[in-house]
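Heads up: the sequence lines are chains Z and D, in that order.
Position one of the first sequence corresponds to residue 1 (the working numbering), numbered consecutively onward.
Position one of the second sequence corresponds to residue 1001 (the working numbering), numbered consecutively onward.
Beneath this line is the structure, given in structure tokens, with notes to follow.
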Amino acid sequence: MDFDELQKVWKQVQDGSKLVIDTDILTKEVKRNKKAFESAIFRRDALEITAGIIIAGVFLFGAVKFGHNLLMTGSLILMAAYGLYVAIFFPVDHALQRRKAPRPSESLSDCIEESLIQVNHQIWLLKNVIWWYLLPCAVPAALYFIVVYWVKASHDWVSVILFSVSIIIVILVCWWAYRFNQSGVKKHLIPRKEELEQLLASLKSNGTTVAL
Amino acid sequence: MTTNSEIIFKQWLGEYNRLIYKVVRAYGSTADDKEDLFQEICLQLWLSIPRFEGRAKVSTWIYRVALNTALVWNRGEKNRRKHSSQTNIFREQQLVESKQSEEVVERLYGAIKKLPKIDASIVLMQLDGLPYSEMSEILGISESNVGVKLNRAKKQLAFLLEGLIDGF
């Protein structure tokens, strides 16, 4: 049998069978999937905006009500600014990424290249999470604890322990968040990036190496 | 209410469901995986309708969406259909019994699955008789590159189907 004959058998089997699909059920499923996908995105964005605004509101209120001196007010305002930054940064970044998202109606090479750009963006974000996400939160938080400790009249051993524990908790939370993100990069994003790069290389290459 | 997208979607699905099924069969491994991939392709097809301007042939468009989804789709993202209420949305029904031919096609699918993903897509399109120009449009590579890849894929296929075919 040669390729032409194989093609004939292929066609013959296609013609000799039919695919039974309930298009109404499938259409309903597709609509449901689309809705589920859109509402998941909406929920995620809404959650980030709400959390950011609540953080901003709470710390702004704290700054007005409990800001005994410039340093304390300043540290609370920094935390509030961080909340606003979170409320703006995530939805804007998601919206920008959605605009650049690969469209399966483009050619395969374009689609892979755009997917790669997205994966690289996610890797960059998570690898640098300490700079754009953790430090902007940890610095005002640590500053707040330092100021609270500093303005306190008596520096007894209880307040020293409380201050140390607070700072250690901030450091541990940041460290855990950093490790968690790095493990996500290693476990999911790097393999995905390699898979896409391999696919793109295999698409662009015109060598004759047989790789089974 | 039936929208314009819905009418087009149903029309495409009625006419080109086999094309989608071939891609699903070539790239899906388990029954669940195939079901998931089938639905993902349908979803992407639905989302692509507003961008379809009629410049490309409908079959080229659907092939492109189906192959791109199968090749680039991140299987880790498929959880959104985890709680799907529907299963077994499609099934194949034999109209003419031809055991020998079916066995050949079954072996052919097995061999296609073992090919590198890009080569598998080229073989699939070649079996469907797509011209080089259309394959080149779908993949975004030159026609000469399609030719080189097709020859390589055919050699691999001949090796994988040893005993069934004499070589291409």
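Backbone N, C-alpha and C fix where the C-beta goes; we use that ideal spot for every residue, glycine too.
Being a predicted model, the structure only gives us computed values, none of them experimental.
Between isoleucine 1041 of chain D and leucine 203 of chain Z, the gap from beta carbon to beta carbon reaches 8 Å or more. Residue pairing of phenylalanine 1090 of chain D in beta bridges, as defined by DSSP: Z:Ile21.
Under the 8 Å criterion on CB atoms, glutamate 38 of chain Z is classed as non-interfacial with respect to chain D. Note that the region 73-92 of chain Z does not touch the region 103-114 of chain Z; fewer than 3 beta-carbon pairs, one per stretch, sit closer than 8 Å. Rounded to whole angstroms, the separation of the alpha carbons of glutamate 113 of chain Z and lysine 193 of chain Z is 10 Å. One thing to note: alanine 1111 of chain D has its Cβ no nearer than 8 Å to the Cβ of leucine 1150 of chain D. For tryptophan 1046 of chain D, the enclosing alpha helix (DSSP H) covers residues 1031-1048. If you draw a straight line from the Cα of isoleucine 55 of chain Z to the Cα of leucine 135 of chain Z, it is about 16 Å long. Distance between leucine 200 of chain Z and valine 1148 of chain D, taken at the CA atoms: about 16 Å. Each residue's CA atom was taken as its position, placing leucine 1164 of chain D and valine 1105 of chain D some 11 Å apart. Interface residue (Cβ-Cβ distance to chain D less than 8 Å): tryptophan 124 of chain Z is not classified as such. The region 14-23 of chain Z makes no contact with the region 44-53 of chain Z; the number of CB pairs closer than 8 Å stays below 3. Using a 10 angstroms sphere on the CB of phenylalanine 42 of chain Z, the tally of other CB atoms stays under 16, which defines it as exposed. Among the residues of the region 86-117 of chain Z, those with a Cβ less than 8 Å away from any Cβ of chain D are Pro102, Arg103, Pro104, Ser105, Glu106, Ser107, Leu108, Ser109, Asp110, Cys111, Ile112 and Ser115, in the order of the chain. Asparagine 128 of chain Z is outside the set of residues whose beta carbon lies under 8 Å from a beta carbon in chain D. Contact between the region 154-172 of chain Z and the region 90-98 of chain Z is absent, with fewer than three C-beta pairs closer than 8 Å. Between the alpha carbons of serine 205 of chain Z and valine 119 of chain Z lies a gap of roughly 22 Å. Against chain Z, the beta carbon of arginine 1091 of chain D has neighbours under 9 Å at Leu19, Val20 and Ile21, listed in chain order. Between isoleucine 77 of chain Z and alanine 63 of chain Z the beta-carbon gap is near 5 Å, inside 8 Å, which marks them as a contact. D:Val1072 is the residue among D:Lys1010, D:Val1072 and D:Ile1007 whose C-alpha sits nearest the C-alpha of valine 1023 of chain D.
Residue-level contact check: tryptophan 1012 of chain D does not touch chain Z, since none of the beta carbons of chain Z fall below 8 Å from its beta carbon. The C-beta of valine 185 of chain Z comes no closer than 8 Å to any C-beta of chain D.
Where serine 1133 of chain D is concerned, the enclosing alpha helix (DSSP H) starts and stops at 1132-1139.
Using a Cβ distance threshold of 8 Å, phenylalanine 1009 of chain D and leucine 1045 of chain D count as a contacting pair. Glutamate 1102 of chain D and lysine 100 of chain Z have their C-alpha atoms roughly 43 Å apart. When DSSP states are grouped into helix, strand and coil, tryptophan 1073 of chain D belongs to the coil group. Going by beta carbons, leucine 1067 of chain D and isoleucine 1007 of chain D fall outside the 8 Å limit. Under the three-state reduction of DSSP, phenylalanine 66 of chain Z is assigned to helix.
Cβ atoms of serine 1098 of chain D and glutamine 12 of chain Z come within 8 Å of each other, at about 7 Å. For lysine 34 of chain Z, the nearest beta carbon of chain D is closer than 8 Å to its own beta carbon. In chain order, Pro102, Arg103 and Pro104 place their CB closer than 8 Å to the CB of cysteine 111 of chain Z, counting only its own chain and leaving out the 5 sequence neighbours on each side. Per the coordinates, the alpha-carbon of tryptophan 1061 of chain D lies some 9 Å from the alpha-carbon of glycine 1054 of chain D.
Contact residues of the region 1035-1056 of chain D toward chain Z are Phe1038, Gln1039, Glu1040, Ile1041, Cys1042, Leu1043, Gln1044, Leu1045, Trp1046, Leu1047, Ser1048, Arg1051, Phe1052 and Ala1056 (C-beta to C-beta distance below 9 Å).
At least one C-beta of chain Z is nearer than 8 Å to the C-beta of glycine 1140 of chain D.
Annotation for isoleucine 123 of chain Z: Val185 and Leu189 place their beta carbon closer than 6 Å to its own, counting only its chain and skipping 5 residues before and after.
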